[in-house]
Structure formats: C-alpha cells, structure tokens
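**Student:** Just dropping this structure here.
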Amino acid sequence: MSEEEIRTRIAPSPTGYFHIGTARAALFNWLYAKRFGGKFILRMEDTDKARSTEEYAIDIMECMSWLGLDWDEGPENPDLYGPYRQSERAEIYQKYAKQLLDERLAYKCYCTPDELEAEKKLQMERHEPPKYSGRCRNLSPEQILAFENEGRKPALRFKIDESSPIKFKDLIKGEMEFDPKLFGDFIVMKSDNLPAFMFAGIIDDSEMKISLVMRGEDHLSNTPRQILLAKALDLPIPDYAHLSMILNSDKTKMSKRKNPVSVSKDFRDKGYLPEAMINFLVLLGWSPKEGKSDEIYSLDDLTKEFDLSEVGKSPAIFDTTKLDFFNGYYIRQMELGELAKRCLPYLLAADLIKKEDEKILKVVALVQERMKKLSEVVELTDFMFKEIDYPAELLITKGTTKEITLKALEESAKVLTDETDYSRDSLDGLLRALATKLGFTAGQILWPIRVALSGKPASPGTFELLDFFGKDESLSRIKKAIDMLK
RNA sequence: GGCGCGUUCGUCUAGAGGCCUAGGAUAACAGAUUUUCAUUCUGUAGAUCGCGGGUUCGAAUCCCGCACGCGCUACCA
Numbered sequence: 001m002s003e004e005e006i007r008t009r010i011a012p013s014p015t016g017y018f019h020i021g022t023a024r025a026a027l028f029n030w031l032y033a034k035r036f037g038g039k040f041i042l043r044m045e046d047t048d049k050a051r052s053t054e055e056y057a058i059d060i061m062e063c064m065s066w067l068g069l070d071w072d073e074g075p076e077n078p079d080l081y082g083p084y085r086q087s088e089r090a091e092i093y094q095k096y097a098k099q100l101l102d103e104r105l106a107y108k109c110y111c112t113p114d115e116l117e118a119e120k121k122l123q124m125e126r127h128e129p130p131k132y133s134g135r136c137r138n139l140s141p142e143q144i145l146a147f148e149n150e151g152r153k154p155a156l157r158f159k160i161d162e163s164s165p166i167k168f169k170d171l172i173k174g175e176m177e178f179d180p181k182l183f184g185d186f187i188v189m190k191s192d193n194l195p196a197f198m199f200a201g202i203i204d205d206s207e208m209k210i211s212l213v214m215r216g217e218d219h220l221s222n223t224p225r226q227i228l229l230a231k232a233l234d235l236p237i238p239d240y241a242h243l244s245m246i247l248n249s250d251k252t253k254m255s256k257r258k259n260p261v262s263v264s265k266d267f268r269d270k271g272y273l274p275e276a277m278i279n280f281l282v283l284l285g286w287s288p289k290e291g292k293s294d295e296i297y298s299l300d301d302l303t304k305e306f307d308l309s310e311v312g313k314s315p316a317i318f319d320t321t322k323l324d325f326f327n328g329y330y331i332r333q334m335e336l337g338e339l340a341k342r343c344l345p346y347l348l349a350a351d352l353i354k355k356e357d358e359k360i361l362k363v364v365a366l367v368q369e370r371m372k373k374l375s376e377v378v379e380l381t382d383f384m385f386k387e388i389d390y391p392a393e394l395l396i397t398k399g400t401t402k403e404i405t406l407k408a409l410e411e412s413a414k415v416l417t418d419e420t421d422y423s424r425d426s427l428d429g430l431l432r433a434l435a436t437k438l439g440f441t442a443g444q445i446l447w448p449i450r451v452a453l454s455g456k457p458a459s460p461g462t463f464e465l466l467d468f469f470g471k472d473e474s475l476s477r478i479k480k481a482i483d484m485l486k
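Each residue of the first sequence is one higher than the last, beginning at 1 in the working numbering.
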C-alpha cells in the first residue's frame, strides 16, 4: 500500500475519558501523517453500547484539539469515507458479514457464554490451549432449528484458515509470524448483531483507506486475525506498526483507578500545558537521530523530524517528573498575557479574584518562573489578594534575633515612608544603604520585609513585592509585622 | 498452559562488533549568583548494559538457553 496516499488514524472507544496512552498513539499517528504529507483520521469505536457515552466522545475530541492534534476526517465531517462512528456503520458490517456467510467463510454459532466458559475451563484443566472447538461449524438444519426454537440468538463466527502461517512486517517490531492453528474460530458479529472489534476494525481501516495502522502493542496479537479477515473479505491489508505500552512505576499496566490517565481530568485541568504534554509524550518511545543537547520539541519541530525508524520497541514507565520539568519550562517561555489568561480560571475558582483585571498580569509575572503547573498560581499568589496570617517567628531569619529584626523593620519603615520611588533599582540602593548604616547584613533587612509582605518562607523578592504592593499597602503590612514582634 | 513482544543510570533514552574507562535529558546532591524560593550557570554521583553459555583478536551490540515483565488467548475494545 506504500505507494498510495499516507493515511493514519486513531480509533478510540468512548468508554472513558481520553486516555494518556491513546493520546500518545494519536500523537504518533498525527506526526506520521504530517511528516509525510498524509491525512489523519479520527474514528469512534463505539460498538460497546453499554459502556460508550457521548460525554466521553466529546472529551476525546476536546482533548485532541487541546493537544493540537487536529484531524482531517472524523465524526463531524463524515463526507469522504464516513460515517466515522462505528455505531452508524451497522449496514456496512452486515454487508461484509453476509459476504462471509454466503462464501461459507463464517458460520452461525449458537453456543451460550456459559457453554463456552465450561468448554474453556475443561481445556485449561487438561492443559490444552483454550480455543473454540468449532462445534457449531457443521450444524445440521435440525440442530439449528432446535436452537432457534429455544430462542437462541446466534453470533457469527469466522472460520480460521489453518493452512499456512501468517506473516507480516511490523514497521516498529519487525518481522512477525503466527500460527493460525492456535487461534480457534472467533466471533465477528455478536449476537446483538453488532460487529466485534476485530471485524469492525479491519473493515473500517480498509474502507477508510488507512495505509498505516499504528496502535498499542496490546493489539499486536490481534493483527494476524485481522489479516486473515482481510484476506477472506478480499480487502487490502494496511501496514502495521505497534507501539510499546506505557506502564506504572511497578511495571504493571496503567489503570484508571490507580493512575492519572485522563488527559482532561488529570492533566489539562490540573494545569499542564499541551506543549509540555506533547514534548513529554513523544519522548516516551521516540528519540531523534540527531540528538540535541536539550530535548525541547514543539509539534512543529516534530513534524519535520519524526520517523518510525526512531521509535523504540521497549515499554516505558510513565513517570511525571520529567513532565513537570517540561511544564515549568513552557510556562517560563510563555508570553505574559497568555500566561495570565491561562491562570485566570484557577484564580477565579479559588475566589482570589472576582473578574479579570489588569493586576493579574503583574501577579503572574512575579511567579512565572516559580510555577511548575498553572494550578500552583493559587498557592503562590494568594497573599497578594488577601490579608495574611503567619507566625511572628517567621519574620526572624536564621542566625539573628528578635531585637535586630524589629529594629530592621522599624528603620525600614522610616525610610520607606520618606521614599516615593518604589521601583526596584531605587529600593535596592535605599535598603542596602540602610543595612550598611545599621551594620546589618542585607538579609537581616530584606528577609523580614519580604515575610511581612508575603507571610511565606518562600516568595518573590522583596523589591518586587514592595513595587507590587505600593507604598500604602507595603507600609501597612510592615507595621503589622512590627506590632506582632512587640 | 500456549503464542507474541520486551529487558542499558531512579525515570525517559543514545547505542546497529572496536569511536563505550557506555553519551544525553530529567530527578538527586554540591557550588556560584542571591534577602528566601525559583530561575540561570558550573560540577558530583548514578548503569559490571536481566542472567548463563557460545561466536570473535575484540560484544551492550551477533547466536543459543534461562529468568523476569507485559500483551493476547472474551459475543471488551
């Protein structure tokens, strides 16, 4: 298929919030399409009626857009090879199901789940590989009639062609060979007349002219079955590439219960930037040929560099330490107005401000290089918006005394009362001169003022805070500190 | 149980027989700048390349075996 147009896809099932692993697969597919001038398609695999919801479908699309992974074809623009929701493609699957049945490549199976379970259990006890016995392969008309009269609804089972091994080249993992004798006939249409995942998948990939199926390694073992299906249906077989999994720190599979896996709930809403997510995610499995000394990559950079030959085969443990670094980095790089805009929701939610105002530009500027996540803006800046409460001892810096601190504060208050220029440079000269005059270290003067203004052991610098609060508020907070020490 | 995939610093990784006394990033630690925190800069520590055999003058790199992890083995996707 390689001479045709490059078309990749992501096919999430809306049975949960957009998963971090799906995001990575989407990213790699998107990058591959962009890099080689192809198309990227979004398809909703919502055949599991019981678990699929519209809320999740929306979440998936929102998160993809948020990450910057736009798609050329998808549920809302179904013109070309749509519809792009499997729930709307029932007739297509039925057509192919009929084809299999007519050509006797599949058969109706009336076995109940209980019967299948029992059969499997027996095989396990005998240490045989569990696989379907094929007992419905050659049912007589009488038997079929009997099952129908019982009210049993048949599923459609695909007849495995066991004649020869299935070989294919995985573009990441390499040459692959499977023995179909081990498979057993599998279900293609469920008894509710909905297609099983493998069946719907190969049909859609083919009908949507997907040239490369890049997906998680958990699908690697399914691939030979889909190839068999494609052959039986006389459909073209796409290229395949299987991405290794991302795991927990204990090397088990990421789970919804134990781990932060929801892009929207655990990352976007917690204050991570899409730029950081992309940069972090792409490095889980991909590393550039020409390594740079840093590892900063934008989506734009990546569309020029990404290739499958640089994708690794081994699984990666999902550890957000490095994500935090990237997040801090991109926050520092961000234009101030943009940062203020993105911090606003957190400030509003914490009730620190009522509406957008000019002040937050200054506020954000003071903590920009201290933030790892946008959500931290709250704890970093709360003292700028409200009265503060802190223990008096905090005013006294290490290796000094209450008396010295009090003296420093009182003398500072005096010069700050006389001073009108609260700009950084002016204040710097003023307070250092005061320190020299009193025989104090700069720290003995500056620490207590900073604490008086912020109430925190760590905060932006003294001069910046004086400038931020202005004369009246600064003096008021310093006076309060003096009273606390008396 | 069977089949498949994988195994290099805590973590993400580079590495395709000699360039490896194993490189980078991050995290950790230390120092410099500094009133604190953060930023920035510099440095330190950190992998006997899962284990055991082989091939070779020479192996993280090739071959075989084993161990461990993960996946599939569903009318879930």
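Each residue gets a CB set at the ideal place from its N, CA and C atoms; glycine is no exception.
Every value quoted in this text rests on a predicted model; they were computed, and no experiment measured them.
If you drop the 5 nearest sequence neighbours on each side, which residues of the same chain put their C-beta closer than 6 angstroms to that of P315?
**Tutor:** S244, M245 and L247
**Student:** Is G216 closer than 9 angstroms to A33 when the C-beta atoms are compared?
**Tutor:** no
**Student:** Which word fits N327, buried or exposed, when buried means at least 16 other C-beta atoms lie within 10 angstroms of its C-beta?
**Tutor:** Buried.
**Student:** Does T22 pass the burial test, meaning 16 or more other C-beta atoms within 10 Å, or should it be called exposed?
**Tutor:** buried
**Student:** Tell me whether the stretch 401-412 and the stretch 367-379 touch, counting them as touching only if at least three CB pairs, one residue from each stretch, are closer than 8 angstroms.
**Tutor:** no
**Student:** Could you compute how far the alpha carbon of T15 sits from the alpha carbon of M254?
**Tutor:** 16 angstroms
**Student:** Measuring straight from C-alpha to C-alpha, what distance separates N193 and Q226?
**Tutor:** Rounded to the nearest whole angstrom, the CA to CA distance from N193 to Q226 is 19 angstroms.
**Student:** Suppose contacts are defined by Cβ-Cβ distances below 9 angstroms. Is Y107 in contact with D185 by that definition?
**Tutor:** yes
**Student:** Decide yes or no for the touch test of the stretch 42-59 against the stretch 290-306: beta carbon pairs closer than 8 angstroms, at least 3 of them.
**Tutor:** Counting C-beta pairs closer than 8 angstroms gives fewer than three between the stretch 42-59 and the stretch 290-306, which falls short of the contact rule.
**Student:** Is the stretch 52-72 touching the stretch 97-106 in the sense that three or more CB pairs, one from each, lie closer than 8 angstroms?
**Tutor:** By the C-beta criterion, the stretch 97-106 is judged not to be in contact with the stretch 52-72, since fewer than 3 inter-stretch pairs fall below 8 angstroms.
**Student:** In terms of residue numbering, what span does the alpha helix (DSSP H) encompassing A241 cover?
**Tutor:** It is not in any alpha helix (DSSP H) - A241 instead sits in the beta strand (DSSP E) that spans D239 to L243.
**Student:** What are the boundary residues of the beta strand (DSSP E) that includes C343?
**Tutor:** Element bounds for C343: not the beta strand (DSSP E) but the alpha helix (DSSP H), L336 to A349.
**Student:** Starting from G216, trace the beta strand (DSSP E) both ways and give me its first and last residue.
**Tutor:** L212 to G216
**Student:** For I20, count neighbouring C-beta atoms within 10 Å of its own C-beta (all shown protein chains included) and say buried if the count is 16 or more, exposed if not.
**Tutor:** buried
**Student:** Going by beta carbon distance, what residues of the same chain come within less than 6 angstroms of I210, once the five residues before and after it are set aside?
**Tutor:** R7, R9 and P238
**Student:** Between the C-alpha atoms of F178 and I202, what's the straight-line distance to the nearest angstrom?
**Tutor:** 18 angstroms
**Student:** Who are the near neighbours of I172 in its chain, counting only those whose CB is closer than 7 angstroms to its CB and skipping five residues on each side?
**Tutor:** A241, H242, L243, L308, V311 and K313
**Student:** Examine the Cβ distances between the stretch 380-391 and the stretch 352-370 and report whether three or more of them are shorter than 8 angstroms.
**Tutor:** Short answer: they touch.
**Student:** Rounded to whole angstroms, how far is the Cβ of F158 from the Cβ of T223, which I believe are closer than 8 angstroms?
**Tutor:** In fact, because the Cβ distance is near 15 angstroms, the residues do not count as touching under 8 angstroms.
**Student:** Less than 8 angstroms between the CB atoms is what I'm expecting for F18 and V367, so what's the real figure, rounded?
**Tutor:** Their Cβ separation, rounded to whole angstroms, is 29 angstroms, which puts F18 and V367 out of contact at 8 angstroms.
**Student:** Going by other Cβ atoms of all chains shown within 10 Å of its Cβ, with 16 needed for buried, is R450 buried or exposed?
**Tutor:** buried
**Student:** Considering only residues of the same chain and omitting the five flanking positions on each side of K153, which have a CB-CB separation below 6 angstroms?
**Tutor:** Cβ neighbours of K153 beyond the five flanking positions: S191.
**Student:** With burial defined as no fewer than 16 other Cβ atoms inside 10 Å of the residue's Cβ, what is the status of L182: buried or exposed?
**Tutor:** The residue in question, L182, is exposed, as its Cβ has fewer than 16 Cβ neighbours within 10 Å.
**Student:** Under a three-way DSSP split, which group does C136 fall into?
**Tutor:** coil
**Student:** Ends of the alpha helix (DSSP H) at V415?
**Tutor:** K402 to D418
**Student:** In the DSSP assignment, the alpha helix (DSSP H) including E55 goes from what residue to what residue?
**Tutor:** Segment E54 to L67, the alpha helix (DSSP H) holding E55.
**Student:** Just list the beta strand (DSSP E) runs in the stretch 68-144, keeping only unbroken ones of 3 residues or longer that don't cross its boundaries, in chain order.
**Tutor:** 106-109
**Student:** Any contact between the stretch 76-93 and the stretch 119-138? By contact I mean 3 or more CB pairs, one from each, below 8 angstroms.
**Tutor:** no
**Student:** Have a look at A146 and P83 and give me their C-alpha separation to the nearest angstrom.
**Tutor:** Computed Cα separation, rounded: 38 angstroms.
**Student:** Assuming T417 and Q444 are in contact, meaning their beta carbons sit under 8 angstroms apart, how far apart are those beta carbons, in whole angstroms?
**Tutor:** With a Cβ gap of about 20 angstroms, T417 and Q444 do not count as contacting.
**Student:** Per DSSP, what kind of secondary structure is A155 in: helix, strand or coil?
**Tutor:** Correct three-state label for A155: strand.
**Student:** Using the Cα positions of C111 and L229, report the straight-line distance between them to the nearest angstrom.
**Tutor:** 22 angstroms
**Student:** Could you give the DSSP three-state label for M189: helix, strand or coil?
**Tutor:** strand
**Student:** With DSSP as the reference, label S426 as helix, strand or coil.
**Tutor:** Judged by DSSP in its simplified three-state form, S426 adopts helix.
**Student:** On a Cα-Cα basis, can you pick out the residue from N29, F28, A57 and R35 that is closest to P12?
**Tutor:** The shortest C-alpha separation from P12 is found at A57.
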